[in-house]
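K.L.:
Written out as structure tokens, the structure is:
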């Protein structure tokens, strides 16, 4: 189902476990007809994305892979992970173009 509200996460490999725990908890209280849930995985291998999609299938969660180079023009992890800013921080600024047009609110 495509709702007008989306609960969105942007996660790299290091933060996937807390993201999955949060998603399962949110879906318990927010039914699919009220809001879609999206996890944008940043620079995560396809095999891992597929495993996450299988695990989350009963929860009606959308998994969308992102490549940091697609929105930065450079390898963000080589620059930002040397500081306190993970490259996944930038992903949230570029996810709106990947959501369906019916989505009017992002949480």
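Numbering (my numbering), first residue to last: 22 to 128.
We put the beta carbon where it would ideally sit given N, CA and C, even for glycine.
Going by alpha carbons, who is nearest to residue 27 out of 88, 81 and 91?
P.N.:
With respect to the C-alpha of residue 27, the residue from 88, 81 and 91 having the closest C-alpha is 81.
K.L.:
My assumption, with CB atoms under 8 Å, is that residue 55 sits in contact with residue 24. Please give the rounded CB distance.
P.N.:
Contact between residue 55 and residue 24 holds, since their C-beta atoms are separated by about 6 Å, short of 8 Å.
K.L.:
Are there 16 or more other CB atoms within 10 angstroms of the CB of residue 38, so buried, or fewer, so exposed?
P.N.:
Exposed, because fewer than 16 other Cβ atoms sit within 10 Å of the Cβ of residue 38.
K.L.:
Does the distance from the CB of residue 60 to the CB of residue 85 come in under 9 Å?
P.N.:
yes
K.L.:
Who are the near neighbours of residue 45 in its chain, counting only those whose CB is closer than 7 Å to its CB and skipping five residues on each side?
P.N.:
These residues qualify, in order along the chain: 80.
K.L.:
Go to residue 63, then tell me how far its beta strand (DSSP E) extends in each direction, as first and last residue.
P.N.:
57–63
K.L.:
Let me confirm a value: residue 68 is counted as buried when at least 16 other C-beta atoms fall within 10 Å, else exposed. Which label applies?
P.N.:
It counts as exposed.
K.L.:
With DSSP run on the structure shown, which of helix, strand or coil describes residue 51?
P.N.:
coil
K.L.:
With a Cβ-Cβ cutoff of 9 Å, do residue 90 and residue 29 count as a contact?
P.N.:
no
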